[in-house]
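*Asks:*
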Amino acid sequence: MKRLIFTPRPVLLVMTVLASALAHAQYDTPNNGVYIGIGAGESKANFDMRRTDPDLNSRNFAQDRRGAHYKAFVGFPLSPFWAIETGYFDLGRFGYSGAQSDIPWAQSRSRGLNLDLVGTLPITDRWSLLGRVGAAYAETKENYSGIASQTTRDTNYKFGFGTEYAFTPAVTMRLEGERYRINKIMGNRSDVDVVSLSLIYRFGGSTPTTKTAYTPYVPPEPAPMVAQAPVVAPEPPPPAPAPPPPKPWVKVKLEADSLFGFDQDSLQADGKKSLDKLLDELKSVNLEMLQITGHSDRLGSKAYNTKLSTRRAEAVQNYLVQIGGIPASKVTATGVGSSQPETKPGECKGNKPTQALITCLRIDRRVVVEVTGSQQQP
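Numbering-wise (our numbering), the sequence shown opens with residue 145 and increments by one.
1) Quick one: residues in its chain with C-beta nearer than 7 Å to the C-beta of N449, no 5 flanking neighbours on either side, listed in chain order?
2) Using three-state DSSP, classify D298 as helix, strand or coil.
3) Unbroken alpha helix (DSSP H) runs of length 4 or more, entirely within the region 411–475: which are they?
4) By Cβ distance, which residues of its chain are closer than 8 Å to T307, with the 5 residues on each side in sequence left out?
5) S342 bridges to which residues according to DSSP?
6) Can you check which of these residues, A386, R509, V460, is closest to E486 by C-alpha distance?
7) Compute the distance between the beta-carbons of R442 and L505, then report whether it is under 8 Å.
8) Apart from the five residues just before and just after Y232, which ones in its own chain have a Cβ nearer than 7 Å to its Cβ?
9) So the candidates are K451, V511, S453, I507; which of them puts its Cα closest to the Cα of L434?
10) Quick check: what's the CA-CA separation for P174 versus S293?
11) Per DSSP, what are the beta-bridge partners of G231 in this structure?
12) Does the beta carbon of T284 come closer than 8 Å to any beta carbon on chain D?
13) For P313, count neighbouring C-beta atoms within 10 Å of its own C-beta (all shown protein chains included) and say buried if the count is 16 or more, exposed if not.
14) Under 8 Å, do V513 and L403 count as touching if we go by C-beta distance?
15) Report the residue from K285, E283, T316, T264 whose alpha carbon sits nearest the alpha carbon of G304.
16) What number of angstroms, rounded off, separates the C-alpha of E283 from the C-alpha of R253?
17) Which word fits A384, buried or exposed, when buried means at least 16 other C-beta atoms lie within 10 angstroms of its C-beta?
18) My parser needs the alpha helix (DSSP H) runs of 4 or more residues fully inside the region 473–521; what are they?
19) Would you mind reading off the limits of the alpha helix (DSSP H) that contains S402?
20) In the DSSP output, which residue or residues are listed as bridge partners for N190?
21) Helix, strand or coil: how does DSSP classify S202 here?
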């Protein structure tokens with residue numbers, strides 16, 4: 145039998161490069177949505193071959209206790225600290241073989257499904273420790289020289305410990321060790337220990353609390369009335385009416401984090417509520433024009449930030465026209481990227497997307513709605 149030697153370095157390298165590239169995206173609010181993951185590593189079976197064949201001690205043979213371990217899983221969070229995980233695992237191939245043709249050989253492979261309760265202990269905003277306990281349903285196929293293959297199915301306990309690091313709210317890297325109890329490997333009950341590295345992607349998750357900053361409109365005082373000099377006439381003309389006040393401009397600043405998900409341009413439920421509130425206030429305005437301007441922070445390239453801010457401004461425009469019923473001819477949308485920041489020079493130092501810098505630049509990520517019109521008379 146050919147000895148299988150699994151080297152996890154290529155898998156570790158690919159996962160690390162992929163996660164590092166995604167880590168440059170904006171990291172803001174923790175993500176607690178449903179997640180999926182894939183992992184790979186090395187397994188080691190602890191079995192006693194003397195129980196399989198008592199004569200092996202006197203023969204020249206090679207044993208193979210190590211194998212390649214793979215798994216795929218999906219997780220369902222119960223709370224920020226607990227989740228249920230279910231998935232598929234392959235513990236690899238194990239066995240022994242003789243150096244001569246008259247010495248018997250054997251090979252065993254175990255794979256199946258698992259259901260675990262996973263608990264996490266946050267150490268920092270991104271780094272956590274984890275532990276798991278659960279059950280594994282395994283199918284073990286064994287082949288012996290000169291004997292027909294045998295298949296055994298059983299359910300046993302499993303447990304493990306590890307650590308994970310969140311590069312973004314959606315992408316997490318996990319390193320852990322686990323032990324599977326298998327009823328039959330090489331003819332006897334055995335424990336299989338695995339060490340694996342997994343890449344996890346989360347869907348949905350928590351969204352930031354909606355924070356909308358309104359700049360209230362204060363109408364100007366009307367121009368004073370100037371009394372006309374009396375004229376000698378049978379019926380004096382009425383006094384000239386006061387000139388109308390100038391058309392007001394009202395600016396409404398909406399934080400992008402309250403309207404959109406991470407690096408997205410689709411409106412979320414909380415963002416739609418903020419726009420519905422704006423539409424209610426516009427019902428009392430004789431509307432002439434709406435100018436919508438999208439802004440971003442300075443992280444990322446200028447071209448990408450300009451496109452993202454434009455798409456977000458257009459998403460707000462489409463909602464006000466399609467849902468609010470505002471005529472499309474009265475609404476314009478544009479994106480200016482990071483060219484008009486709210487933060488002052490030197491206020492947010494650094495260029496790397498650290499958590500502190502991302503939080504400091506939060507006010508730069510916004511959508512501004514400028515309203516031209518006049519208040520309706522009661």
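Glycine included, C-beta positions come from ideal geometry on N, C-alpha and C.
Because the structure is a prediction, the values reported are computed rather than measured.
*Replies:* Per the coordinate set shown:
1) S440, G481, S482
2) strand
3) The qualifying runs are 413–426, 446–466.
4) W271, S272, L273, L274, R318, L319, E320
5) In the DSSP assignment, S342 forms a beta bridge with G183, R318.
6) Among A386, R509, V460, the Cα nearest to that of E486 belongs to R509.
7) yes
8) K215, A216, L257
9) V511
10) A caution first: P174 carries a pLDDT of 48, below 50, which makes its placement in the model too unreliable to give a value.
11) According to DSSP, which records beta bridges pairwise, G231 is partnered with F217, N258.
12) Of the protein chains in the structure, only one exists, and it is not chain D.
13) buried
14) no
15) T264
16) 8 Å
17) exposed
18) 499–504
19) 400–403
20) D335
21) Per-residue confidence for S202 stands at a pLDDT of 45, beneath the threshold of 50, marking its modelled position as unreliable; the derived number appears in the next sentence. Correct three-state label for S202: helix.
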